[in-house]
Amino acid sequence: MRRPIPAVCILAAALAADLPAQVSYTVERAVQDALTRNLDIAAARYGVGIAEAKRITAGLRPNPVLSANADHLDWLGTGFDNTTNNAGPSEYGVRADFLVERGKKREARMELAAADKTLAQLTFEDVQRKLVFDVVNAFIDVQLAKETLSLAKENLQSLLRVAEVNQARVATGDLAVVELNRSKVATAQYQTAVRQAELQLAQAKNRLRLLVGEDSGNIDVTGAIRRDVGPSDLTTIREIAIKQRPDLQGAKQLQARNQADLRLQLSQTKIDLTAGAEYRRQQSPSARSNSIGLYISAPLPIFNKNQGEIARSEQEIAQAKALARSMEAHILNEAAAAWEQYTSAGQLLKEMESDLLNRAKDVRSTTEYSYRRGEASLIEFLDAQRAFNDTVQSYNSARADYARALYLIDTVMAARVAGQP
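Position 392 of the sequence shown, counting from 1, maps to 540 under our numbering, and the rest follow consecutively.
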């Protein structure tokens, strides 16, 4: 006879079936998904499309103007009758006017629009660069939160083992009840630490999920915290950054854009001509006649010679040059700061791995062994446990800081793919 399935098992299976499948991310996949699905990137991408639309508009020629007229019509209030009113002869005409742009204005508009599009593309690339850095930082936050949770669980298991031993020792009269209560209090504290670590992990995952545009709320990360070797010297970082940074290229492109704007404003000083042609027909009861008229008109540049826009363009050129110099100085400073962070984090990590970490592990294991044998007090064991926890936590933070320094160097140099030069 088959045993009935407990209702609790059925409910647990139903809840598990409703949970979304876990989506596992590597850092490369996180970056790629963010570049294709992030909402901020989707909004910024429209800037390039808008600039392309403006470029199309800049290349369009002015439309001709078509006019039709009827004039000198006899009107008596009851209808047309030029035999009585003698106001004619009636005239009917069709006229077409064309704007003739001079000074290569259309070419200047197209040049300016093309420069604006290039600037929009560089701006979009810089948004991508910053997004990549945000994603890898969020990825490291998840990795560090997982390490913190794993450490908290390990500490809790160690305290639970001690509490179990103390329970047995109290039962045999080998340990005072107050020592058991102390171990239980310490266990409760580490249980709180586990819950806090779980909350931090959930928050870190939510931030990463938002950046990569993942709809599922159940995500995880795979792979070790980055630990490769960065560039060998600061000069290399600076040279690559000056060559590849899209924001610096954008600052230089802004100069080219403003130069194109100045050429457009200078071309605006050339007067445009409006050429027209008209066909006119006169008609009366006794005669009909046809005529053609040719027209040309031009504004007189007496007051407005576009002086203000020319002066504005010249000032914007000077401003763009200053901005480019300022941007280059900031990038060189960013490179120096990233290099200092990288070398400092690497040195700290090596020092911790060479000596401090192993010592903390040895002290914790030795003190736990001694406490089990009754050769050490609970206070000594808890101090060793706390020192071990602080040391490993500092070590994990140092690993994360080193990885962040590597990613920061990538960002300074505008490396598109995380972890690759």
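Cβ coordinates follow ideal geometry from the N, Cα and C atoms, glycine included.
In the same chain as Glu-426, and ignoring 5 residues on each side of it, the C-beta atoms closer than 6 Å to its own belong to Gly-241, Arg-243 and Gly-441, in chain order.
When the Cα atoms are used, Leu-359 and Gln-276 turn out to be separated by approximately 12 Å. When the alpha-carbon of Ala-286 is set against those of Tyr-173, Gln-305 and Thr-384, the nearest one is in Tyr-173. Contact between Arg-547 and Ile-373 holds, with the beta-carbon distance rounding to 5 Å and staying under 8 Å. Counted as a single uninterrupted DSSP element, the beta strand (DSSP E) harbouring Ala-244 occupies residues 238–248.
Val-196 and Glu-273 have their C-alpha atoms some 10 Å from each other.
As the crow flies, the alpha-carbon of Glu-476 is around 12 Å from that of Gln-392. Three or more Cβ pairs drawn from the stretch 393–400 and the stretch 251–271 lie within less than 8 Å of each other, which places the two stretches in contact.
Secondary structure of Asp-420 (DSSP, three-state): coil. Taking the Cα of Ala-493 as reference, the smallest distance to any Cα among Ala-470, Gly-251 and Ala-553 is reached at Ala-553. Between the stretch 279–294 and the stretch 359–370 there are three or more inter-stretch CB-CB distances shorter than 8 Å, so the stretches are counted as touching. Taking a contact as a CB-CB distance under 8 Å, the pair Leu-292 and Ala-182 does not count as one, their CB atoms being some 19 Å apart. In this structure, the beta-carbon distance from Leu-308 to Thr-335 falls below 9 Å.
If you draw a straight line from the Cα of Ser-380 to the Cα of Glu-295, it is about 29 Å long. Here Ala-256 is buried: its Cβ has 16 or more other Cβ atoms, across all protein chains shown, within 10 Å. Between the stretch 451–461 and the stretch 400–419, the count of Cβ pairs shorter than 8 Å is three or higher; the stretches touch.
As the crow flies, the alpha-carbon of Leu-497 is around 27 Å from that of Glu-516. Beta-bridge partners assigned by DSSP to Ile-367: Val-171. Within its own chain, the residues whose Cβ lies closer than 6 Å to the Cβ of Ala-192, once the five positions on either side in sequence are excluded, are Phe-272 and Val-275, listed in chain order. Here DSSP, grouped into helix, strand and coil, assigns Ala-372 to coil.
Taking the CA atoms as reference points, Gln-403 sits about 28 Å from Leu-382.
Sequence-distant partners of Leu-260 (beyond 5 residues in either direction) whose C-beta falls short of 6 Å from its own C-beta, in its chain, are Ala-408, Asp-409 and Leu-412. Counting the other CB atoms within 10 Å of its CB gives Gly-456 a total below 16, which places it among the exposed residues.
Taking Thr-539 as reference, the option from Tyr-490, Met-500, Asp-549 and Ala-524 with the minimal CA-CA separation is Met-500. In this structure, the alpha-carbon of Lys-332 lies about 50 Å from that of Val-560. For Gly-197, the enclosing alpha helix (DSSP H) begins and ends at 187–206.
When DSSP states are grouped into helix, strand and coil, Arg-393 belongs to the coil group. The C-alpha of Ala-485 lies about 29 Å from the C-alpha of Ala-466. The Cβ neighbour count for Gly-321, taken over all protein chains shown within 10 Å, is under 16; the residue is labelled exposed.
Ranked by Cα distance from Arg-250, the first of His-220, Leu-267 and Arg-209 is Arg-209.
Closest option to Leu-247, judged by alpha-carbon separation, among Asn-438, Val-213 and Gln-489: Val-213.
The Cβ atoms of Leu-526 and Val-325 lie no closer than 9 Å to each other. Secondary structure of Asp-289 (DSSP, three-state): helix.
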